[in-house]
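Worksheet for the structure shown next.
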Amino acid sequence: MAQVTKEVKNFQGLGSKMATLYADDPAFLDAVSDITIEVGYREYQLHKIILSASSTVFREMCSHGKPMIKEKVPLQETEERAAVFEDFIKYLYTGNITLNLETVKGIIGLAYKYQVEDLRVIAKQFQKRHAPGKLQFLHSSCFCLLYTSPSPRDK
1 MAQVTKEVKN FQGLGSKMAT LYADDPAFLD AVSDITIEVG YREYQLHKII
51 LSASSTVFRE MCSHGKPMIK EKVPLQETEE RAAVFEDFIK YLYTGNITLN
101 LETVKGIIGL AYKYQVEDLR VIAKQFQKRH APGKLQFLHS SCFCLLYTSP
151 SPRDK
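Next up, the structure:
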């Protein structure tokens with residue numbers, strides 16, 4: 001008799017569970033966090049696995065730390081991007097974000113900087129649809145280095 005198998009892929013269910021945990025139990029998420037991201041005067045207790053799954057930039061950043069030590073990483077952001085950083089993080093955890101004309105430019109900046117391509121596409125489409133005359137976004141302003149290595153001249 002043939003063995004009966006079925007592979008189940010419940011990505012939607014997993015996303016729903018993450019969104020519920022993010023919304024309903026932030027204290028638990030803080031307790032099990034393994035990285036603190038500092039943006040301006042705010043600190044975010046986050047998880048390397050979530051950041052790394054969503055962003056190649058965060059993956060690279062998290063792969064250089066000490067695995068068993070909770071790290072504190074300061075990030076340099078413009079005021080505009082710092083103001084929407086919490087929304088950006090919520091998207092990484094839940095896949096949900098509320099865009100508006102006041103915040104979309106900052107979200108696009110973060111999506112470019114941290115290479116979150118799906119969010120960049122969504123936000124650019126929103127911006128194009130709702131503010132077609134206001135596409136004054138300078139792509140070059142997004143390319144900032146998280147870390148700088150000393151040049152051979154500095155050694």
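Quick note on numbering: the sequence shown equals residues 1 to 155 in the working numbering.
Even for Gly, the Cβ is constructed at its ideal location relative to N, Cα and C.
Taking residue 92 as reference, the option from 57, 17 and 116 with the minimal CA-CA separation is 116. Our two residues, residue 50 and residue 1, have alpha carbons roughly 42 angstroms apart in a direct line. Secondary structure at residue 97: coil, using DSSP grouped into helix, strand and coil. About 6 angstroms separates the Cβ atoms of residue 70 and residue 34, confirming a contact at the 8 angstroms cut-off. The beta-bridge partner set that DSSP reports for residue 72 consists of 36. Residue 120 sits away from residue 131, with the two beta carbons spaced by 8 angstroms or more. Per the DSSP secondary-structure output, residue 46 pairs in a beta bridge with 35. DSSP places residue 127 in the uninterrupted alpha helix (DSSP H) bounded by 117-130.
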